[in-house]
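Chemist: I'd like to ask some things about the structure below.
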């Protein structure tokens, strides 16, 4: 039976990092998405992506929504 899938709105902070790790440990396929509203530097976005994968995310995407803010 395939794992359940879930998308986590991932900021890279403690709460969302724990969520990705816990869901992965519980057998979920976790897909992490970060909405960049302009508050992240390029380095922070790269670190977020690296951390999401280290925590067990199957995939990660940064959504550039800066034009909306």
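Numbering (our numbering), first residue to last: -14 to 54.
Cβ atoms here follow ideal geometry from the backbone N, Cα and C, with glycine treated the same way.
Considering only their Cβ atoms, is the gap separating residue 16 from residue 34 smaller than 8 Å?
Modeler: Walking along the chain shown from the start, residue 34 turns up at place 49. Walking along the chain shown from the start, residue 16 turns up at place 31. No; because the gap between Cβ atoms is not below 8 Å, this pair is not in contact.
Chemist: Could you compute how far the alpha carbon of residue 21 sits from the alpha carbon of residue 48?
Modeler: Translated into positions along the chain shown, residue 21 becomes position 36. Translated into positions along the chain shown, residue 48 becomes position 63. Each residue's Cα considered, the two are about 6 Å apart.
Chemist: Name the two residues that bound the continuous beta strand (DSSP E) containing residue 47.
Modeler: Taking the chain shown and counting its residues from 1, one reaches residue 47 at position 62. Element bounds for residue 47: 44 to 49.
Chemist: Any idea what DSSP makes of residue 33, helix, strand or coil?
Modeler: As a working mapping, residue 33 is identified with position 48 in the chain shown. Residue 33 falls in the helix class under three-state DSSP.
Chemist: Specify the secondary structure class of residue -6 as computed by DSSP and reduced to three states.
Modeler: On the chain shown, position 9 is the one that residue -6 refers to. If DSSP states are grouped into helix, strand and coil, residue -6 belongs with the strands.
Chemist: Alpha carbon to alpha carbon, how far is residue 6 from residue -11?
Modeler: What you label residue 6 is simply residue 21 of the chain shown in a count that begins at 1. What you label residue -11 is simply residue 4 of the chain shown in a count that begins at 1. Using only the alpha carbons, I get a separation of about 15 Å.
Chemist: Considering only the alpha carbon of each residue, which of 38, -9, 51, 36 lies closest to residue 12?
Modeler: Numbered from its first residue, the chain shown carries residue 12 at position 27. Residue 12 has its Cα closest to that of -9, out of 38, -9, 51, 36.
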